[in-house]
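A.B. asks: Just passing along the structure, written as structure tokens.
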Amino acid sequence: MDEYTFTENFNNQGRPSKTYLCYEVERLDGDATIPLDEYKGFVRNKGLDQPEKPCHAELYFLGKIRSWNLDRNQHYRLTCFISWSPCYDCAQKLTTFLKENRHISLHILASRIYTNNHFGCHQSGLCELQAAGARITIMTFEDFKHCWETFVDHKGKPFQPWEGLNVKSQALCAELQAILKTQQN
DNA sequence: ATTTTCAAT
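Residue numbers (full-length UniProt numbering): 1 to 185.
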């Protein structure tokens, strides 16, 4: 991913009409975590501006996971950094996937919380996803930095945080915690 | 075309 794409999409104060999702996979073996570099990359959604059928980024990600045919006798942790948190529909599909694939753990780190929904309530989607075992958090400075170093063609340049990164991240984190807490009661 | 949250208006 080039620098511009990363900054344009992951800046937590922006609101681009597209979504990028960066993913990486580790195999868990007792206390050890073994990174699987062959399963690392990013996808973006297909929007109305493209010839293909519109499709949210998460569904491409699910397709990729399925194509890997990860060994059901092993345990894996998938980490995905997504510029918009999953909508209700995608959250449901991820929930179903996790229930059917107990050998896979999922950690979702979102830059921003997506709230534009037509077919349901994004809050309950995220809650169900959490209840299915997913860990859902908001990206912090360290997460943006990790993404930069892992997925961006940074040409040796260090990650440069934008103005207000931490303040926004903290605000979104509080918002997400309120969402995830409300529905547990 | 404008405003814009994986578009919607």
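Don't be surprised by glycine CBs; every beta carbon is placed ideally from N, CA and C.
Computed from a predicted structure; not experimentally measured.
Considering only their Cβ atoms, is the gap separating residue 92 from residue 27 smaller than 8 Å?
C.D. replies: Result no, Cβ atoms of residue 27 and residue 92 do not sit closer than 8 Å.
A.B. asks: Pick from 89, 142, 102: whose alpha carbon is nearest that of residue 128?
C.D. replies: It is 89.
A.B. asks: Excluding five sequence neighbours on each side, which residues of the same chain lie with their C-beta closer than 7 Å to the C-beta of residue 11?
C.D. replies: Closer than 7 Å at the Cβ level, and outside the excluded window around residue 11, lie 162.
A.B. asks: Looking at the strands, I want to know which residues DSSP matches up with residue 75.
C.D. replies: Partner(s): 28.
A.B. asks: Going by other Cβ atoms of all chains shown within 10 Å of its Cβ, with 16 needed for buried, is residue 68 buried or exposed?
C.D. replies: Residue 68 should be labelled exposed.
A.B. asks: By the three-class DSSP mapping on this structure, what secondary structure does residue 152 have?
C.D. replies: Looking at residue 152 - three-state DSSP - the assignment turns out to be coil, as it is neither helix nor strand.
A.B. asks: Buried or exposed: where does residue 34 fall if 16 or more other Cβ atoms within 10 Å of its Cβ makes it buried?
C.D. replies: Residue 34 should be labelled exposed.
A.B. asks: Beta-carbon within less than 6 Å of residue 83's beta-carbon, same chain only, minus the 5 sequence neighbours each way: which residues are those?
C.D. replies: Counting only Cβ-Cβ distances below 6 Å, and skipping sequence neighbours, we find 9, 10, 19, 20, 111.
A.B. asks: Is the beta carbon of residue 61 less than 8 Å from the beta carbon of residue 1?
C.D. replies: Taking 8 Å as the Cβ cut-off, residue 61 and residue 1 do not qualify as a contacting pair.
A.B. asks: From the DSSP output, read off the bridge partner residues of residue 21.
C.D. replies: Answer is 43, 82, bridged to residue 21.
A.B. asks: Among all the DSSP beta bridges, which residues are the ones paired with residue 135?
C.D. replies: For residue 135, which the question treats as bridged, DSSP gives the partners 107.
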